[in-house]
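First up is the structure itself, then whatever we jot down about it.
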Amino acid sequence: MSSFRTLSWIAAVSLAVGLGACSSEPEAEEDPASEDELVLSTLADDPIAVPPVGTVLTQLAQPKLVAALEAAGLALPVHLGASGRSTTNDKLLGLPLYKFIADDVAADLDLARQRDPKLSTQVANGVTRILDKGWMRAPYASFELMSVVPRFDRLPLVGEGSCGEVRFLYRLAYTHQKKDPTDISYSRLPVVLNVVYDVPRATAGVGECAKAAAAWRVPAGVTEESAYVSYLAKDLLAVSKLRFRQLELNAQLMRVPSETKTDMGGAAEYALRIYGLREGTPGLFPLENTPDVARIEADAPLKAELATYLREHVQEIDTGTLKLPEKFLATKASAFSTFGSARLANKPFTRLFWDAQQKVAPALTEASLANTRYVGNLAGLVARLDDMTCQGCHQGGRGVAGFHALGEDSLARSHVLNVSRLGNSPHLQAELARRAGVMKELATGAEPSSFRPASFAAADGRAPRGAPCLMESSVSAFKTPMGCAAGLQCTSLAANARLPIQLGQCLPALAGAGKRATYAHEFAGLPCLAGTVTDNVANPMHDALQTSTFACRDATGEAGYACRPASIGVPGGLCTRLCASGNTPFDKDNELCAYAGGKEFDECAGKNDFSTCLAGAIKAGLREACDESAPCREDYICQRFIKARKTPPEAPASGKGYCVPTYFLFQVRADGHPNPTPVR
Numbered sequence: 020m021s022s023f024r025t026l027s028w029i030a031a032v033s034l035a036v037g038l039g040a041c042s043s044e045p046e047a048e049e050d051p052a053s054e055d056e057l058v059l060s061t062l063a064d065d066p067i068a069v070p071p072v073g074t075v076l077t078q079l080a081q082p083k084l085v086a087a088l089e090a091a092g093l094a095l096p097v098h099l100g101a102s103g104r105s106t107t108n109d110k111l112l113g114l115p116l117y118k119f120i121a122d123d124v125a126a127d128l129d130l131a132r133q134r135d136p137k138l139s140t141q142v143a144n145g146v147t148r149i150l151d152k153g154w155m156r157a158p159y160a161s162f163e164l165m166s167v168v169p170r171f172d173r174l175p176l177v178g179e180g181s182c183g184e185v186r187f188l189y190r191l192a193y194t195h196q197k198k199d200p201t202d203i204s205y206s207r208l209p210v211v212l213n214v215v216y217d218v219p220r221a222t223a224g225v226g227e228c229a230k231a232a233a234a235w236r237v238p239a240g241v242t243e244e245s246a247y248v249s250y251l252a253k254d255l256l257a258v259s260k261l262r263f264r265q266l267e268l269n270a271q272l273m274r275v276p277s278e279t280k281t282d283m284g285g286a287a288e289y290a291l292r293i294y295g296l297r298e299g300t301p302g303l304f305p306l307e308n309t310p311d312v313a314r315i316e317a318d319a320p321l322k323a324e325l326a327t328y329l330r331e332h333v334q335e336i337d338t339g340t341l342k343l344p345e346k347f348l349a350t351k352a353s354a355f356s357t358f359g360s361a362r363l364a365n366k367p368f369t370r371l372f373w374d375a376q377q378k379v380a381p382a383l384t385e386a387s388l389a390n391t392r393y394v395g396n397l398a399g400l401v402a403r404l405d406d407m408t409c410q411g412c413h414q415g416g417r418g419v420a421g422f423h424a425l426g427e428d429s430l431a432r433s434h435v436l437n438v439s440r441l442g443n444s445p446h447l448q449a450e451l452a453r454r455a456g457v458m459k460e461l462a463t464g465a466e467p468s469s470f471r472p473a474s475f476a477a478a479d480g481r482a483p484r485g486a487p488c489l490m491e492s493s494v495s496a497f498k499t500p501m502g503c504a505a506g507l508q509c510t511s512l513a514a515n516a517r518l519p520i521q522l523g524q525c526l527p528a529l530a531g532a533g534k535r536a537t538y539a540h541e542f543a544g545l546p547c548l549a550g551t552v553t554d555n556v557a558n559p560m561h562d563a564l565q566t567s568t569f570a571c572r573d574a575t576g577e578a579g580y581a582c583r584p585a586s587i588g589v590p591g592g593l594c595t596r597l598c599a600s601g602n603t604p605f606d607k608d609n610e611l612c613a614y615a616g617g618k619e620f621d622e623c624a625g626k627n628d629f630s631t632c633l634a635g636a637i638k639a640g641l642r643e644a645c646d647e648s649a650p651c652r653e654d655y656i657c658q659r660f661i662k663a664r665k666t667p668p669e670a671p672a673s674g675k676g677y678c679v680p681t682y683f684l685f686q687v688r689a690d691g692h693p694n695p696t697p698v699r
């Protein structure tokens, strides 16, 4: 039976295991065997939706649309000097730039295994998992186009010969046919290639740029699907009209399971790289605004020069348009989760310049902040700089599983419970409106606003539930409010005294005191553990978080909400209880009775092909509801709700999804998949 077409292929990717095989402690929910048989269903992707004439296109991501664009010649090979036809990764090795990338990733993975021979590509209890380098060479793996985004908002950063950028994002995926030709497993993996082109201009000023930006409005006469695809592929996205600049990589290299990293609900490391061609030769390029901390710390004159440069460019830091000279930059960086927004390893400028004991940046004290509109003091200046780095932005608190773009999942191909409800991170989703404004302004011939807010900041200063906010001790760091929406309060989950600012999360107000303290209004999915981070600079994967319970104190989850421990893979803990009668939610505004997994998940995950054995592991579980207006908190992802049993729970008419820890979805974890060949 085809795994593409049936719900018998379902995975229990909800609350059974976090960042790997989880604790054996089960939830107090019914056993999967007590539920009736699975519902078999054929799913299909929506037809291509042609936007109304005049719509500003800020992102192209609909599954059928990006598939059509690939078929029209925009597959990854076209950017690597070959034809634009889709092909598997083993065949890409004949292209010099791709081979350089594959070899570089393999070298990083080999080095990691030399440092820790216990690392494994296989799921095993208590063992740190590492990305299998064979995926970059596998004959059944490829990089699929998942999104195209124009970046005219980067006009101040790209140089005089460019109006901005067009970015083609490709995600690693596999289609694995087994001995039975009808048995096919498919999934995406947490590896993204971002191919960056400049939109060229020959003259100064914004005249040419106005025309280029205006072209991203759907023109008159383009109302049918075929005309829309043709307009995009042959006109707007024709690479012959663009200028190739570089190729950016974000890849999950390692993942520590939650039974090992019990305090944080697991941990993961991501590789951030930029590749390109210099006089036709492939190589690593510097990472934008990301300092090489080790090299700069070892070179006192270079560190002093960097400090001088920063003091002299405060206005660019303030507006978000700083572009550091290459001599300061790293060519390789790593980002770390969970609780990435509170980890020193993700804050390069803090490591270089912030004195945590004195709460000052001595080398930057002469920086003038008198004319800034955003940055309020030196703590804010350093935090603003951190947020402009690669790891700072991806782990700023509004990313998802280390990324900002994961793409919309194809329902026709994907495992039904391996589907996210949202293809963008909360940060990117909010960014699209700002970028549209820039494009509209530029299209009129006006010089658009160059200001870009911090990745952790809500546009209006009133962040929704689960979003980052400034704790009271840090509000003076910025001149713009960064608080919470009405009815929410900024609550610290992971304080870190070594950082210049303290971020909390916008959560419902707390009530009571001592051991009786909890939310004034409890519901499923809320965090219930808070504490302090202790950094391990030499090995950030060993950072620690000491926590205590602050909410949801019902011991059993039968009469009220219980706090589930981080050791089962739920960072920050998880408020939950049994679903209400008839497998329905208690709080219909904030909860869904959706699907969770049981103890069977551990055994299945260890088989290293999640598509083969997870159908019997799902059960009803109460979860926090989510959608574009109510995204999940840091380290959680909004999973799409698709009915999988004949009996309730039922998918909501609202179309909302439900929040699960990010690594419960196999598509955002490097392990649990078939072994790639021919390289191990």
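Throughout, my numbering is defined as the position within the sequence shown, counted from one, plus 19. Note that CB positions come from ideal geometry on N, CA and C, so glycine has one too.
Asked                                                                                                                                                                                : Found
What does the Cβ neighbour count give for A741, buried or exposed, with the cut at 16 atoms within 10 Å?                                                                             : Examination of residue 741 is not possible in this model, given that the chain is present from 20 through 699 alone.
Under 8 angstroms by Cβ, that's how I've got L371 and V312 pegged, so tell me the actual separation to the nearest angstrom.                                                         : 6 angstroms
Give the list of continuous beta strand (DSSP E) stretches no shorter than 3 residues that lie fully inside the stretch 294-367.                                                     : 300-303 and 351-356
Please report how far the alpha carbon of R417 lies from the alpha carbon of G442, in whole angstroms.                                                                               : 13 angstroms
Which one or two residues does DSSP pair with K638 in a beta bridge?                                                                                                                 : A615
Who are the near neighbours of E49 in its chain, counting only those whose CB is closer than 6 angstroms to its CB and skipping five residues on each side?                          : Only weak support exists for where E49 lies, its pLDDT of 46 falling under 50; the coordinates are left without a value.
Could you tell me which residues DSSP puts in a beta bridge with T222?                                                                                                               : Note: T222 sits in no beta bridge, so no partner.
Put L114 into one of helix, strand or coil per three-state DSSP.                                                                                                                     : coil
Compute the Euclidean distance between the alpha carbons of A530 and P559, then round it to the nearest angstrom.                                                                    : 35 angstroms
Specify the secondary structure class of V75 as computed by DSSP and reduced to three states.                                                                                        : strand
Assign L371 to one of three DSSP states: helix, strand, or coil.                                                                                                                     : helix
Within its chain, find whatever has a CB closer than 6 angstroms to the CB of S492; leave out the 5 residues flanking it on each side and keep chain order.                          : Q521
Return the bridge partner residues of V679 from the DSSP annotation.                                                                                                                 : I656
To the nearest angstrom, report how far apart V679 and Y655 are at their CA atoms.                                                                                                   : 5 angstroms
Which ranges would you report for the alpha helix (DSSP H) in the stretch 115-191 if only whole runs of at least 4 residues count?                                                   : 115-134
Is the number of C-beta pairs between the stretch 380-400 and the stretch 492-510 that are closer than 8 angstroms three or more?                                                    : yes
Apart from the five residues on each side of it in sequence, which residues of its chain come closer than 6 angstroms, Cβ to Cβ, to L430?                                            : L62 and D64
Looking at H692: is its Cβ nearer than 8 angstroms to the Cβ of L212?                                                                                                                : no
DSSP beta-bridge partners for C503?                                                                                                                                                  : A482
Where does E48 fall in DSSP's three states?                                                                                                                                          : With a pLDDT of only 45 at E48, under 50, the local geometry of the prediction cannot be trusted, and the value read off the model is given with reservation. Reduced to three states, the DSSP call for E48 is coil.
Between the Cα of D690 and the Cα atoms of G625, E647 and D646, which residue gives the shortest distance?                                                                           : G625
Using 8 angstroms as the threshold, is the C-beta distance between V556 and A514 below it?                                                                                           : no
Any chance the stretch 294-309 sits against the stretch 265-277, with 3 or more Cβ pairs inside 8 angstroms?                                                                         : yes
Span of the alpha helix (DSSP H) holding C571?                                                                                                                                       : From DSSP, C571 is part of no alpha helix (DSSP H); its letter is neither H nor E.
Apart from the five residues just before and just after D646, which ones in its own chain have a Cβ nearer than 8 angstroms to its Cβ?                                               : R440, L441, C657, S673, G674, K675 and G676
Tell me the DSSP bridge mates of Q414?                                                                                                                                               : None, per the DSSP bridge assignment.
Give me, in chain order, the residues of the same chain whose beta-carbon lies closer than 8 angstroms to that of F685; leave out the 5 immediate sequence neighbours on both sides. : A30, V32, S206, H434, N437, F629, G691 and H692
Considering Cα atoms alone, identify which of R236, E163 and L188 is closest to V69.                                                                                                 : R236
Is C275 near T140, with beta carbons less than 8 angstroms apart?                                                                                                                    : The sequence as given places Val at residue 275; Cys does not occur at that position. No, they are not a contact pair.
Could you please give the first and the last residue of the uninterrupted alpha helix (DSSP H) stretch that includes V401?                                                           : L397 to D406
Roughly how many angstroms lie between the CA atoms of I661 and A644, to the nearest whole one?                                                                                      : 13 angstroms
Tell me whether the beta-carbon of F542 lies closer than 8 angstroms to the beta-carbon of E610.                                                                                     : yes
Is DSSP giving G456 helix, strand or coil here?                                                                                                                                      : helix
What residue range does the beta strand (DSSP E) around L702 cover?                                                                                                                  : This structure cannot settle anything about residue 702, because the visible part of the chain is limited to 20 through 699.
With a Cβ-Cβ cutoff of 8 angstroms, do I587 and S166 count as a contact?                                                                                                             : no
Out of curiosity, what's the CA-to-CA distance linking V85 and R186?                                                                                                                 : 13 angstroms
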